[in-house]
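Peer 1:
Residue numbers (the working numbering), protein chains in the order written: chain A, 26 to 496; chain B, 26 to 496.
(1) Pick out the complete alpha helix (DSSP H) segments inside the segment 362 to 390 of chain A, 4 residues or longer, and give them in chain order.
(2) Return the chain-ordered list of same chain residues with a C-beta closer than 8 Å to the C-beta of residue 460/B, the five sequence neighbours on each side being excluded.
(3) Between the alpha carbons of residue 251/B and residue 218/B, how many angstroms are there, rounded?
(4) Quick one: does residue 37/A have its CB under 9 Å from some CB of chain B?
(5) Give a yes or no on contact between the segment 288 to 304 of chain B and the segment 323 to 334 of chain B, applying the rule of three or more CB pairs nearer than 8 Å.
(6) Take residue 325/A and list the residues in its own chain whose beta-carbon comes closer than 6 Å to its own, dropping the five residues that flank it on each side.
(7) Could you tell me whether any Cβ in chain A is nearer than 9 Å to the Cβ of residue 139/B?
(8) Please classify residue 383/B as buried or exposed, where buried requires at least 16 neighbouring CB atoms within 10 angstroms.
(9) Using a 10 Å radius around the Cβ and a threshold of 16 neighbouring Cβ atoms, would you call residue 433/A buried or exposed?
(10) Following the continuous beta strand (DSSP E) through residue 17/B, name the residue where it begins and the one where it ends.
(11) Once DSSP output is grouped into helix, strand and coil, what is the label at residue 489/A?
(12) Under 9 Å, do residue 478/A and residue 59/A count as touching if we go by C-beta distance?
(13) According to the Cβ coordinates, are residue 214/B and residue 152/B closer than 9 Å?
(14) In the DSSP assignment, what residue or residues form a beta bridge with residue 22/B?
(15) Just by C-beta distance, which residues in the segment 460 to 479 of chain A are closer than 8 Å to chain B?
(16) Buried or exposed: where does residue 416/A fall if 16 or more other Cβ atoms within 10 Å of its Cβ makes it buried?
(17) Are the beta-carbon atoms of residue 349/B and residue 307/B separated by less than 9 Å?
(18) From the DSSP output, in three-state form, read off residue 469/B for me.
(19) What would DSSP say about residue 46/B, mapped onto helix, strand or coil?
(20) Between the alpha carbons of residue 95/B and residue 233/B, how many angstroms are there, rounded?
(21) Please check the pair residue 399/A and residue 343/A, which I expect to be a contact at CB under 8 Å, by giving their CB distance rounded to whole angstroms.
(22) Is it buried or exposed, residue 480/A, if we count other Cβ atoms within 10 angstroms and call 16 or more buried?
(23) Verify whether the separation of the beta carbon atoms of residue 149/B and residue 120/B is less than 9 Å.
(24) Could you tell me whether the Cβ of residue 325/B comes closer than 9 Å to any Cβ of chain A?
(25) Mark residue 7/B as exposed unless 16 or more other C-beta atoms lie within 10 angstroms of its C-beta, in which case mark it buried.
(26) Below 9 Å between beta carbons is the criterion; list the residues of the segment 76 to 98 of chain B that meet it against any residue of chain A, in chain order.
(27) To which residues of the same chain is residue 260/B closer than 6 Å at the C-beta, ignoring the five residues directly before and after it?
(28) For residue 175/A, which residues in the same chain have their Cβ closer than 6 Å to its Cβ, ignoring the five residues on either side in sequence?
(29) Buried or exposed, going by whether 16 or more other CB atoms sit within 10 Å of the CB of residue 46/B?
(30) Taking 8 Å as the threshold, find out whether the segment 243 to 257 of chain A comes into contact with the segment 138 to 149 of chain A through three or more Cβ pairs.
(31) Measuring straight from C-alpha to C-alpha, what distance separates residue 474/B and residue 134/A?
(32) Taking the beta strand (DSSP E) that residue 446/A falls in, what are its first and last residues?
(33) For a cutoff of 9 Å on Cβ pairs, would you count residue 176/B as touching chain A?
(34) For residue 492/A, which option in 465/A, 472/A, 468/A and 425/A has the closest C-alpha, if you only look at C-alpha atoms?
(35) Note down, in chain order, all residues in the segment 232 to 250 of chain B with a beta-carbon under 7 Å from any beta-carbon belonging to chain A.
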């Protein structure tokens, strides 16, 4: 059968309305009730507040991540989740050290910086060199001149978009591959403008390729510091400034093998317990903030959605599995990252996973749902009805991704769906020290929970079958 | 004669309109032309951009402050200012070192901190102690319990006000006197919530009393970190958390005597050259940001106002003196601070200073002018006419302050005036790493320049005499 997105079927069938088989009215009604309960419950805000207050930052493989996981196991059991368990797995640990970037001349000053996860170290006294300033990544790629002993600086800004596409471009190119390319060309250090959309003085960290003990030091500077380099570049072009000399210090440590863990819990299905709807967020965070937005919010939203179902006394026909992924924010020597997700995908039978999705795009409202290609227009019609009052429409494009940690599942054929959040401001805060509770609004989280609980309840009580979304 | 504010005279005379002697129409017309020229000149934005790009942060007594002063001397000469000179003076140097605050238990995590200027040092390994958390400064003052070996934490927030009154209260109490009081009671360390109105993760520095080598370590935490302590306090009250233990490291250095300088320049008066209108901003800044808002903006606005007069080819009757104050942001052993201002007040004949004002309240628009009590209603009437189109009214209250560096002059009898800026957002950025060019809007600076040039031109071409504003 040719793949037809479910929305198209709905559209076709809407024209010939009588042909649509109704979703059992009771289930739709239940979804609407759960949705409405979500809008006043505030469970998600309380959850992320408790998590971030108790554990602060939760770097992958850290004691803090481990403690947060134990706490989560207790909370989930206390709330009546079933089959609560940990899945442990090994990972390589990278830990931030001293970090500093100074302009020595012509205009001496300090920059606001943060090392990229997995990046290499300088000697204790740092490295000193002339700056090779590039306004764009492509400018660096195309550059034919000598970079030996220089410190490469990429000033390309990140576009502000609702979907985050601007971020993905930078993360996949100059944050990920830039350091290695600079090292191959003999550079002494590598600096990027943070993949951030704001103009405040926060540097944004994030994973680069695992560079190891032999790797080059790689830092991100805050957007205002990148603008400062831009102003110096302008003075250079006007003949008012000579070459820029930099001193860069970064002293991260590669600690060897450690351990992280996924936290898994369930609401067992009454009729099809082996059919699984998988939802969750990741429990680890970068070390700079308290990981409230990334990804305490995602954990909290999916937790609160599942908890509402338990609290309602209803039981779904299919199993709803909640997972708090460990070690999402990592660079690893095997070049894979997403260590918790890979461990799950390798350690579980996946053929009965009906669909999976992760909430990992901040704490702003959901505006659309993307579904995998499926076979049940009545399900989609009911879903559309229940979501519309939340300002959520069903997107005509089939989903191609369900959040980072569903990637390894998706590759193995698990269909993924995507409750799309407004990401317009997400990269203002993402991977910075400013990722704290103050960036979260309870009402927006509640809207998220309402969309998740509606979607999951209808999925778990339909016979909808989705096709794998990987290509 | 009883002191009557000039505005009151205007009000009275407005009723009996024919009695007001007209300000020479030519002068008012000139003020209006200068005002209009200011609104498109953009000189102030360029000036602060150049200053902050070239010198970054300019701590009092630093090489950077010195270099910025030499550069300013050159710029002022190049623009045609007269009698350009430096006034050097000694000061004691305090320099920030390593600084760190960690919650050890019950909820281990790191805080975003900055040491207060003039505060003491811990041993290299830091001090560890139980936190004594106080929601208000008064709570600490009234507390009768034992503080021996504890780390005092004051969580009082700063109210957001247009006038900045909320800041003044905190700066004069818990930032200034708190550390000494905590030390007297045996505390091992002292921490305040930053005197900042935003909820982003920036710690705000600022001067405390000079504590010296024997002094207690004193830090400010960012507003979100103070909120985090508040959440822990709530958990304690609910019986869900035990006492908080902290480890505090702060390693500032008292470097001994150094040198700073005021930069002084003039437009000589054609008719009354010994009568001086003194305006300016301070050239030094805290070490965290680039001092764009505090106080590059103030320097730039007063510089651009004076430059417009030079560029116009007009010459004022009285002398307009522009000063870039050195070492405003300091704590000093003599408990005075404002070292540049004190040096000026001691080193100059002040009897012919008609009026003085400093622009040192950010980069937002001016909404009012406060004048000292004076004797020339026609002057005030003309001024009111010229300022009104800028959205600036003449405040009925006589001025009681003209900016920090005019304080020592005021004490010695120099009348001060105040072009009042909107300070509603000023303490979002004040004394943080986020004080950069990105926080400045050129149009707002231009409005400032327009108000300054109008006011100064009319003052310098009237015979208005003000009474001393000190009480």
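Idealized CB from N, CA, C, for every residue including glycine. Just so we're clear, the structure is a prediction, and the values are computed from it rather than from any experiment.
Peer 2: On the basis of the supplied data:
(1) The DSSP assignment places complete alpha helix (DSSP H) segments of no fewer than 4 residues inside the segment 362 to 390 of chain A at 364 to 372, in order along the chain.
(2) Within the same chain, residue 460/B has close Cβ partners 310, 311, 313, 314, 315, 316, 317, 318, 319 and 454.
(3) In this model, residue 251/B and residue 218/B are separated by some 6 Å (Cα to Cα).
(4) Summary for residue 37/A: the model assigns pLDDT 41, below 50, so the residue's position carries little reliability; its value from the coordinates is reported in the next sentence. Not one chain B Cβ lies under 9 Å of residue 37/A.
(5) They touch, by the three-pair rule.
(6) Beyond the five residues adjoining it in sequence on each side, residue 325/A comes within less than 6 Å, by CB distance, of 69, 72 and 73 in the same chain, given in chain order.
(7) At least 9 Å separates the CB of residue 139/B from every CB of chain A.
(8) Classification of residue 383/B: buried, given that the 10 Å Cβ count is 16 or more.
(9) Classification for residue 433/A: buried.
(10) Outside the shown range of chain B, which is 26 to 496, sits residue 17/B, and nothing can be said about it.
(11) In the structure shown, residue 489/A sits in coil (DSSP, three-state: anything other than H, G, I, E or B).
(12) Residue 478/A is a Cβ neighbour of residue 59/A, given a cutoff of 9 Å.
(13) Cβ atoms of residue 214/B and residue 152/B: closer than 9 Å.
(14) Limits of chain B in this structure are 26 at one end and 496 at the other, which puts residue 22/B out of reach.
(15) If the cut-off is 8 Å between Cβ atoms, the segment 460 to 479 of chain A has 461, 462 and 463 near chain B.
(16) By the neighbour-count criterion, in which a residue is buried when 16 or more other Cβ atoms sit within 10 angstroms of its Cβ, residue 416/A is exposed.
(17) Yes; because the gap between Cβ atoms is below 9 Å, this pair is in contact.
(18) Secondary structure at residue 469/B: helix, using DSSP grouped into helix, strand and coil.
(19) Confidence at residue 46/B is low in this model, with a pLDDT of 49, below 50, so the placement of that residue should be treated as unreliable; the coordinate-derived value is given next. Residue 46/B: coil per DSSP, three-state reduction.
(20) Taking the straight line from one Cα to the other gives about 29 Å.
(21) Contact doesn't hold; Cβ gap of about 14 Å is too wide.
(22) Counting of Cβ neighbours within 10 angstroms places residue 480/A among the buried residues, the total reaching 16 or more.
(23) Against a cut-off of 9 Å, the Cβ pair of residue 120/B and residue 149/B comes out as no contact.
(24) Not closer than 9 Å to any Cβ of chain A, the Cβ of residue 325/B fails to qualify, so no.
(25) Outside the shown range of chain B (26 to 496) lies residue 7/B, about which nothing can therefore be said.
(26) Against chain A - using a Cβ distance shorter than 9 Å - the residues of the segment 76 to 98 of chain B are 77, 78, 79, 80, 81, 82, 88, 89 and 92.
(27) Cβ neighbours of residue 260/B within its own chain (closer than 6 Å, five residues either side excluded): 266.
(28) Excluding sequence neighbours, residue 175/A sits near 154, 155, 157 and 212.
(29) Low confidence applies to residue 46/B: its pLDDT is 49, below 50, so where it sits in the model is not reliable, and the reading given next is rough at best. Burial is judged here by how many other beta carbons sit within 10 angstroms of a residue's own beta carbon; residue 46/B has fewer than 16 and is exposed.
(30) A contact exists between the segment 243 to 257 of chain A and the segment 138 to 149 of chain A.
(31) Looking at the two C-alpha atoms, the distance is approximately 28 Å.
(32) For residue 446/A, the enclosing beta strand (DSSP E) starts and ends at 443 to 446.
(33) Judged by the 9 Å Cβ criterion, residue 176/B is not in contact with chain A.
(34) Looking at the Cα atoms, 425/A is the closest of the given residues.
(35) Those would be 249, in chain order.
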